[in-house]
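Colleague:
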Amino acid sequence: MDEEKKETIVSVKVLGSGCSHCHKLYENAQKAVKNAGLSCPVDYVTDMEKVIGYGVTSTPAFMIDDKIVSMGKVLTVKEIGKLLVG
Amino acid sequence: MSGVSVFIQKQILGMDWLRVLVGSLLEKAGLDLNGKMGGTIQFFLYDVLKITILLCLLIFLVSYIQSFFPPERSKRIMGKFHGIGANIIGALLGTVTPFCSCSSIPLFMGFTSAGLPLGVTFSFLISSPMVDLGSLVLLMSIFGWKVAVVYVLVGLVIAVTGGTIIEHLKMDDQVEEFIRNAHAVSLDEKAMSVKERVGYAREQVASTFKKVFPYILIGVGIGAVIHNWIPERWIVAVLGEKNPLGVILATILGIPMYADIFGTIPVAEALLMKGAELGTVLSFMMAVTTLSLPSIIMLRKAVKPKLLGTFVLVCTLGIIIVGYLFNAFQFLFI
Numbered sequence: 000m001d002e003e004k005k006e007t008i009v010s011v012k013v014l015g016s017g018c019s020h021c022h023k024l025y026e027n028a029q030k031a032v033k034n035a036g037l038s039c040p041v042d043y044v045t046d047m048e049k050v051i052g053y054g055v056t057s058t059p060a061f062m063i064d065d066k067i068v069s070m071g072k073v074l075t076v077k078e079i080g081k082l083l084v085g
Numbered sequence: 000m001s002g003v004s005v006f007i008q009k010q011i012l013g014m015d016w017l018r019v020l021v022g023s024l025l026e027k028a029g030l031d032l033n034g035k036m037g038g039t040i041q042f043f044l045y046d047v048l049k050i051t052i053l054l055c056l057l058i059f060l061v062s063y064i065q066s067f068f069p070p071e072r073s074k075r076i077m078g079k080f081h082g083i084g085a086n087i088i089g090a091l092l093g094t095v096t097p098f099c100s101c102s103s104i105p106l107f108m109g110f111t112s113a114g115l116p117l118g119v120t121f122s123f124l125i126s127s128p129m130v131d132l133g134s135l136v137l138l139m140s141i142f143g144w145k146v147a148v149v150y151v152l153v154g155l156v157i158a159v160t161g162g163t164i165i166e167h168l169k170m171d172d173q174v175e176e177f178i179r180n181a182h183a184v185s186l187d188e189k190a191m192s193v194k195e196r197v198g199y200a201r202e203q204v205a206s207t208f209k210k211v212f213p214y215i216l217i218g219v220g221i222g223a224v225i226h227n228w229i230p231e232r233w234i235v236a237v238l239g240e241k242n243p244l245g246v247i248l249a250t251i252l253g254i255p256m257y258a259d260i261f262g263t264i265p266v267a268e269a270l271l272m273k274g275a276e277l278g279t280v281l282s283f284m285m286a287v288t289t290l291s292l293p294s295i296i297m298l299r300k301a302v303k304p305k306l307l308g309t310f311v312l313v314c315t316l317g318i319i320i321v322g323y324l325f326n327a328f329q330f331l332f333i
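Chains as they are written, first to last, in numbering that gives the first Met the number 0: chain L, 0 to 85; chain E, 0 to 333.
1) Check whether the segment 283-301 of chain E touches the segment 324-331 of chain E, taking contact to mean three or more Cβ pairs, one atom from each stretch, closer than 8 Å.
2) Report back the beta-carbon spacing between glycine 89 of chain E and valine 119 of chain E to the nearest angstrom; my notes put them in contact at under 8 Å.
3) When DSSP labels each residue in this structure, what does alanine 249 of chain E get in the three-state scheme?
4) Quick one, are the C-beta atoms of glycine 24 of chain E and isoleucine 40 of chain E less than 8 Å apart?
5) DSSP three-state call for tyrosine 45 of chain E: helix, strand or coil?
6) Quick check on DSSP: helix, strand or coil for aspartate 42 of chain L?
7) Go through its chain and collect everything with a Cβ distance to tyrosine 150 of chain E's Cβ below 7 Å, but skip five positions before and after it.
8) Put isoleucine 67 of chain L into one of helix, strand or coil per three-state DSSP.
9) Please report how far the alpha carbon of leucine 74 of chain L lies from the alpha carbon of valine 136 of chain E, in whole angstroms.
10) Since alanine 183 of chain E contacts serine 126 of chain E with CB under 8 Å, what's their CB separation in whole angstroms?
11) Can you list, in chain order, the residues of the segment 162-196 of chain E whose Cβ is nearer than 8 Å to any Cβ on chain L?
12) Reducing DSSP to helix, strand and coil, say where phenylalanine 61 of chain L ends up.
13) Return the first residue and the last residue of the alpha helix (DSSP H) that valine 55 of chain L is part of.
14) Residues of the segment 113-142 of chain E in Cβ contact with chain L at a cutoff of 9 Å, in chain order, please.
15) Taking 6 Å as the limit between beta carbons, can you name the residues of its chain near lysine 9 of chain E, skipping five residues before and five after?
16) So, does the CB of valine 50 of chain L fall closer than 8 Å to a CB anywhere in chain E?
17) Among E:Leu152, E:Leu91, E:Gly22, E:Glu71, whose alpha-carbon lies nearest the alpha-carbon of glycine 38 of chain E?
18) For threonine 94 of chain E and proline 69 of chain E, what's the separation of their Cα atoms in angstroms?
19) For proline 70 of chain E and chain L, any beta-carbon pair shorter than 8 Å?
20) Note down, in chain order, each residue of its chain lying with its Cβ closer than 7 Å to the Cβ of aspartate 31 of chain E, except the 5 sequence neighbours on either side.
21) Using Cβ-Cβ distances below 7 Å, what residues of the segment 54-70 of chain L are close to chain E?
22) Might you give, ordered along the chain, the residues of its own chain that have their beta carbon closer than 6 Å to the beta carbon of isoleucine 254 of chain E, omitting 5 neighbours on each side?
23) Contact check, leucine 117 of chain E vs glycine 78 of chain E under 8 Å by CB: the rounded distance?
24) Would you check if there are 3 or more beta carbon pairs closer than 8 Å linking the segment 214-233 of chain E to the segment 168-188 of chain E?
25) Are the C-beta atoms of methionine 285 of chain E and some chain L residue less than 8 Å apart?
26) Expressed to the nearest angstrom, what Euclidean distance is found between the alpha-carbon atoms of proline 97 of chain E and isoleucine 58 of chain E?
27) Check the C-beta distance from threonine 56 of chain L over to glycine 109 of chain E and give it rounded, since I have them as a contact under 8 Å.
28) For isoleucine 98 of chain L, does the count of other Cβ atoms within 10 angstroms reach 16, so buried, or fall short, so exposed?
29) Whole angstroms are fine: how far does the CA of methionine 170 of chain E sit from the CA of leucine 252 of chain E?
30) Report the residues of the segment 309-331 of chain E with a CB closer than 8 Å to any CB of chain L, ordered along the chain.
31) Using only alpha-carbon positions, find the residue among E:Leu92, E:Val61, E:Ser62 that is nearest to isoleucine 76 of chain E.
32) With 8 Å as the threshold, decide whether the Cβ of histidine 22 of chain L is near any Cβ in chain E.
33) Identify each residue in the segment 16-41 of chain L for which the Cβ-Cβ distance to at least one residue of chain E is less than 9 Å, and report them in chain order.
34) With a cut-off of 8 Å, does the C-beta of serine 354 of chain E fall near any C-beta of chain L?
35) Residues bridged to lysine 12 of chain L by DSSP?
36) In terms of residue numbering, what span does the alpha helix (DSSP H) encompassing asparagine 27 of chain L cover?
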């Protein structure tokens, strides 16, 4: 019997420059990931070359599984929660 | 009619009633307002309260307006214009597009990869910190509406001129490779509902307040010291009309300093009341907000030294010229 493979998120990234807004998003992301019961790490990328390399045009940015889902917004824990499920 | 405009200037924008209220409360508590200590405390409390109230109201209104201009949309609008028109639109949008200064590099990349000319991006980047919608009303309450309007217009002129000069110097190769090589990702924009906009505006008030309040306290503190403790003749000697180098001095002093514009206004107000010239004071404010060590360090990551130096030079010269012009025409405003 095949077990239904559950799609789980592999990586979550917060992209920023280290300012207080970016840090707030990082904190919110950590809380949301914990609330969702996920075990993936939350990466905090502050190296500008890497951030630009992802194609981000406004920080702080939020990525799920290396896909940019939000830019230029400090998402709330609730909003991140929705993105993690949806 | 002039009675009404004086009322608006003095009571609504200047909140003179607040100064009187604070004064009478302190008097009831036994403080002598004519003494140096009493006068300082009254000024300090009144100014902090006034700026805080104005700050909260302004940031809310301005953020609501700014929610209509996310960087993506501004970029699209700017792309539709050419030549100096694009610089003008860039400068105008720089004032209404909200972005954290830490986001200036990604923003730079987004504009560059969208094909916007370098000069247009710089018009945007120059006007953004210098001409702040929220501070416009605050400027009006301190300096009067004539000064505020001219300050904004002049700031836009510096932004457009600076951007155009940079464009003509053809320094596109001075932008760092990793920015020129990057490919911007664009997300689908969802229009915000009124509720979302109000929520966003409220968040901005809270976060801006927390960030800016220390600068207000420091600014008002310095202003109160100047107001009550520094002799007028010192200010006049250095920043008044007898010193032809006042503008240059004020600009150079302001460049390495960083403070939020809300913090510079009480200092500027106190200096002006003590005999500093209008242009000198405004140059100081423009230098502090537009050019600061932190923002220059940030920009250095995006552009090479030659372009960075040009940017600093263009802004500095623009601010100095504006300062002298304001001093020359001071009689028109005060």
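Built from N, CA and C at the ideal position, the CB exists for glycine as well. Quantities reported herein were computed from a predicted structural model and do not represent experimental measurements.
Modeller: According to the structure data:
1) no
2) 4 Å
3) helix
4) Note that residue 24 of chain E is leucine in the sequence shown, not glycine. Contact flag unset, no.
5) helix
6) strand
7) Leu138, Leu281
8) strand
9) 30 Å
10) Contact flag wrong, Cβ pair sits at about 22 Å.
11) Phe177, Ile178, Ala181, His182, Ala183, Val184, Ser185, Leu186
12) strand
13) Careful: valine 55 of chain L lies outside any alpha helix (DSSP H) and carries neither H nor E.
14) Ala113
15) Asp15
16) yes
17) E:Gly22
18) 12 Å
19) yes
20) Gly37
21) Gly54, Val55, Thr56, Ser57, Thr58, Ile67, Met70
22) Ala286, Leu290
23) That pair is no contact at about 14 Å.
24) no
25) no
26) 11 Å
27) 3 Å
28) As displayed, chain L neither begins before 0 nor continues past 85, which places residue 98 of chain L out of reach and without an answer.
29) 28 Å
30) none
31) E:Leu92
32) no
33) Ser16, Gly17, Cys18, Ser19, His20, Cys21, Lys23
34) A query on residue 354 of chain E cannot be resolved here, the shown segment of chain E reaching from 0 to 333 and no further.
35) L:Asp42, L:Met62
36) 19-34
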